[in-house]
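Inspection log for the structure reproduced underneath, given as structure tokens.
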Amino acid sequence: MQFNSIYFFIFFITVAGVYFLVPHRFRWFWLLISSYYFYMCWNVKYALLIATSTLVAYFCGLLTGKARSIFSKRLFLIISLVINLGFLFVFKYFNFFLDSIQKCVNVFSIQMSPIALKLLLPVGISFYTFQALSYTIDVYWGKIVPEKHLGKFALYVSFFPQLVAGPIERATHLLPQFSTQKNFDYDRIKHGFFLMMWGIFKKVVIADNLAMYVDSVYNNAQHHTGPTFLLATYFFAFQIYCDFSGYSDIAIGSAKILGYDLMQNFRQPYFATSTVDFWRRWHISLSTWLRDYLYIPLGGNKKSRNRMYINLLITMLLGGLWHGAVWTFVLWGAIHGILLIVSKVTFSWREKICERIGVPKPIVTILRIIITFNLICLTWVFFRANTVEDAFYILTHLTQGWPNLYYSLPSCFYGALGIIVLLLVQCVQTKREILPLIAKQHIVARWTFYVIFFFSIVMLGIRNGAQFIYFQF
Amino acid sequence: MRSLKKIFVKGVLFLLLLFCLDRFIGSVLLKQLYNLEAGQAAQLPKALRAQADIVVLGSSRARHHYDPELIEKITGKTVFNAGVDGLYIPYIQGAADLLMSRYKPKLLVIEIDPFYFTETHFKDNLLRVEALAPYIDDSDILKEQIFDLSGFNRMVYSFHTIRFNGKPWSFLSNIIRQDCCPNGFSPIKKVMEPAEWKDKIEDKTSKYENFVLDPKAVEMLSKTIQQAKSLRVGVVLVTSPEWREQIEEVQVLLSLSSVVKTISEEEQVPYVMATLDQYPEFRDPSYYADPSHLNEQGARRFSETLGTILVHLGY
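Chains as they are written, first to last, in the working numbering: chain A, 1 to 473; chain B, 474 to 788.
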């Protein structure tokens, strides 16, 4: 069930309607069965996987909380990590690792018969596994008390708005919300509804229109030239942002309507002034997860400078691998790791150079935004390319074939129009929140805005468009 | 409780406003659509306005292969090319129904690529008929086709503006662009480089090697012919030349052509299959823009050939 489908809207209206009708004490149960139904619409059998993951995290959490010795605590933590990461490995990485080993072995002319598991990748496995893991680790660290209510804990792992593509919530933030009473609140519902609409606009008008052009270029890389690659890559930067942040907005908006606050996942990432800044703004729930449960446990920046750089590289490599079991994602992660290291190493030099030249601060900021955006776009080539060879082909042909530009109307036109709207909204958002600003306007202006917004989704959006990119992770 | 009442009242008012605007914008856009002059979306409205004796229906192979001017010269009848890129049998059925509900042309020339009947091709392209959604109130056949695509379409298309999904560009380009093809024919200037296409053709052949026939596609074409015959509108099925025939599995193409031949025999309408064996002059790659499409020079040559055939057939 796609967030941008009519099925989801019927499902959501039913869930929200019943949710506000049933007494508070039964609401968790209603949300839990709705969440499992939502997941089972995709694959019935794989609901068992979430259930198992939930049970393992729940009981390990309880046992960790009760354990007296460090050894027992560690044992239960390891059991939870092994089982949850085991699922992730088998379903997502097993074939990739086996294939990579096979290729390595073949280099030495040793024949190895190919083995591959024919398993369908469970939607959202990386998201709910990380969510379950963060809970177990937090219990082990004593950051939270183990949740005793199995139903509410199961709901924390499977809460449908963020089940398949995040934001990756922390138990400390989401679990307590299931126990507090939610009342019907007009402003909250209006806010949630607007966020959902904005998310749908980003997905169906911007991302899906851009996808048509980007796919036609990246899926036939050998037939295109430099200007086309450049345009397709810039378009992809906005496509992936609108696709993923659109999903997050729908998730946050639908949760808000039900009375739950999910964490912010994006904060105008393309206005970042450095790659370090970019990761504070892009997929915040994953970057903070990696920071808290990987980078800091590895030593973070508390040890030597070199160690910090190695930690950064490991974190970003695994962050890349989290996205998918292909080398393009690993390389994407590695390049981000290198960019972060370079950014940290050169930070003081860059500051000094700017001071000496005496460039006004606003110009420095704009230049930094442009440079950072282009560096990020460079990494997107690896993220989007179908193979590593394609990625290198694109990068090595960026300067060739000018000025022959392939473009396709009207998708490019709609997509570009969408990007302009997006950038305008984001420019406003750097100074103030957009919703209170709209709420302040006269009713005629407000409703005109809503009507234009609605009809632009209806008429410019792609119906039957592709699924959200992050569903596959 | 106050919150609930507020949201209910405002929600109903907003929905009412949307409903009124939907009807208003929908009717304005429909009027505009019927008056379109330029672009692909204008093909059908222009055909409806032209009310020609002979109408060519089909996909890009129709649009780029049939020169009405030349056919007109030979047959002495007015001709309009209503081919639209990327729209296949469902479009042919829908467009034929729309045309025949307005007037009775003397002849429908239906360009059929035999590959249209494979399950893969038919299913992959079925959703494209939604491009004709604005016309559903004017054609029961189109309505049925589009509603059959999804259980929700009946509800979705009760909104009039959604029928124009993706169409704003057509209206905009109608303002900024000149009409390139007043009689619907859009020739391709490019000349094919055969070497460029070899690998791609092989891929396509393997795709159709074990083809399965789609009965729905056959049924749609048969029904179109039956409808035309019941209104005493003549039908000629045509497969224009394809260069790819030379390098592909000819057997696949021939097996599929036999499907069209069977339909033409059952429905008693002529089928002109311009194979390269029958028309060896079309083996010349300089007549093509790509392996499936004739270029301007090829289209003119083919149109002359077809014009003569139509005269022989009594049109």
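Ideal Cβ positions, reconstructed from N, Cα and C, are used throughout, including at glycine.
Between the C-alpha atoms of residue i and residue j, what's the straight-line distance to the nearest angstrom?
{"i": "residue 64 of chain A", "j": "residue 395 of chain A", "result": "50 angstroms"}
{"i": "residue 521 of chain B", "j": "residue 575 of chain B", "result": "7 angstroms"}
{"i": "residue 187 of chain A", "j": "residue 585 of chain B", "result": "57 angstroms"}
{"i": "residue 1 of chain A", "j": "residue 42 of chain A", "result": "7 angstroms"}
{"i": "residue 152 of chain A", "j": "residue 178 of chain A", "result": "7 angstroms"}
{"i": "residue 788 of chain B", "j": "residue 594 of chain B", "result": "32 angstroms"}
{"i": "residue 553 of chain B", "j": "residue 566 of chain B", "result": "17 angstroms"}
{"i": "residue 462 of chain A", "j": "residue 352 of chain A", "result": "48 angstroms"}
{"i": "residue 535 of chain B", "j": "residue 714 of chain B", "result": "11 angstroms"}
{"i": "residue 478 of chain B", "j": "residue 441 of chain A", "result": "22 angstroms"}
{"i": "residue 145 of chain A", "j": "residue 303 of chain A", "result": "30 angstroms"}
{"i": "residue 641 of chain B", "j": "residue 263 of chain A", "result": "36 angstroms"}
{"i": "residue 433 of chain A", "j": "residue 439 of chain A", "result": "11 angstroms"}
{"i": "residue 348 of chain A", "j": "residue 387 of chain A", "result": "37 angstroms"}
{"i": "residue 40 of chain A", "j": "residue 34 of chain A", "result": "10 angstroms"}
{"i": "residue 600 of chain B", "j": "residue 239 of chain A", "result": "23 angstroms"}
{"i": "residue 646 of chain B", "j": "residue 632 of chain B", "result": "24 angstroms"}
{"i": "residue 540 of chain B", "j": "residue 771 of chain B", "result": "10 angstroms"}
{"i": "residue 705 of chain B", "j": "residue 560 of chain B", "result": "25 angstroms"}
{"i": "residue 742 of chain B", "j": "residue 545 of chain B", "result": "21 angstroms"}
{"i": "residue 326 of chain A", "j": "residue 92 of chain A", "result": "10 angstroms"}
{"i": "residue 662 of chain B", "j": "residue 583 of chain B", "result": "23 angstroms"}
{"i": "residue 446 of chain A", "j": "residue 429 of chain A", "result": "18 angstroms"}
{"i": "residue 233 of chain A", "j": "residue 23 of chain A", "result": "50 angstroms"}
Mind listing the chain B neighbours of residue i? Cutoff is C-beta to C-beta under 7 angstroms, in chain order.
{"i": "residue 189 of chain A", "result": "480"}
{"i": "residue 235 of chain A", "result": "Chain B residues near residue 235 of chain A: none, gap ~17 angstroms exceeds 7 angstroms."}
{"i": "residue 413 of chain A", "result": "642"}
Which chain A residues are close to residue i, counting only those with a beta carbon under 9 angstroms from its beta carbon?
{"i": "residue 629 of chain B", "result": "6, 463"}
{"i": "residue 477 of chain B", "result": "20, 184, 186"}
{"i": "residue 748 of chain B", "result": "Under the 9 angstroms cutoff, chain A gives no residues; its nearest Cβ is about 30 angstroms from residue 748 of chain B."}
For residue i, which residues does DSSP report across the bridge?
{"i": "residue 746 of chain B", "result": "B:712"}
{"i": "residue 761 of chain B", "result": "B:767"}
{"i": "residue 591 of chain B", "result": "B:686"}
{"i": "residue 553 of chain B", "result": "B:528"}
{"i": "residue 583 of chain B", "result": "B:530, B:710"}
Hey, is residue i's beta-carbon within less than 8 angstroms of any beta-carbon in chain B?
{"i": "residue 451 of chain A", "result": "yes"}
{"i": "residue 12 of chain A", "result": "no"}
{"i": "residue 184 of chain A", "result": "yes"}
{"i": "residue 198 of chain A", "result": "no"}
{"i": "residue 410 of chain A", "result": "yes"}
{"i": "residue 455 of chain A", "result": "yes"}
{"i": "residue 178 of chain A", "result": "no"}
Would you mind giving the Cβ-Cβ distance between residue i and residue j, rounded to the nearest angstrom? I have them listed as a contact below 8 angstroms.
{"i": "residue 773 of chain B", "j": "residue 543 of chain B", "result": "6 angstroms"}
{"i": "residue 160 of chain A", "j": "residue 38 of chain A", "result": "4 angstroms"}
{"i": "residue 193 of chain A", "j": "residue 257 of chain A", "result": "6 angstroms"}
{"i": "residue 456 of chain A", "j": "residue 209 of chain A", "result": "Going by Cβ atoms, the distance from residue 456 of chain A to residue 209 of chain A rounds to 12 angstroms, so no, they are not a contact pair."}
{"i": "residue 527 of chain B", "j": "residue 579 of chain B", "result": "6 angstroms"}
{"i": "residue 590 of chain B", "j": "residue 652 of chain B", "result": "Not quite, the Cβ-Cβ distance comes to about 33 angstroms (not below 8 angstroms), so this is no contact."}
Would you please verify whether the beta carbon of residue i is less than 8 angstroms from any beta carbon of chain A?
{"i": "residue 637 of chain B", "result": "yes"}
{"i": "residue 498 of chain B", "result": "yes"}
{"i": "residue 667 of chain B", "result": "no"}
{"i": "residue 490 of chain B", "result": "yes"}
{"i": "residue 517 of chain B", "result": "no"}
{"i": "residue 599 of chain B", "result": "no"}
{"i": "residue 778 of chain B", "result": "no"}
{"i": "residue 634 of chain B", "result": "yes"}
Residue i versus chain A: which residues are under 7 angstroms apart at the beta carbon?
{"i": "residue 625 of chain B", "result": "6"}
{"i": "residue 641 of chain B", "result": "459, 460"}
{"i": "residue 494 of chain B", "result": "451"}
Run down chain B in chain order and give the residues with a C-beta less than 8 angstroms from the C-beta of residue i.
{"i": "residue 447 of chain A", "result": "487, 490"}
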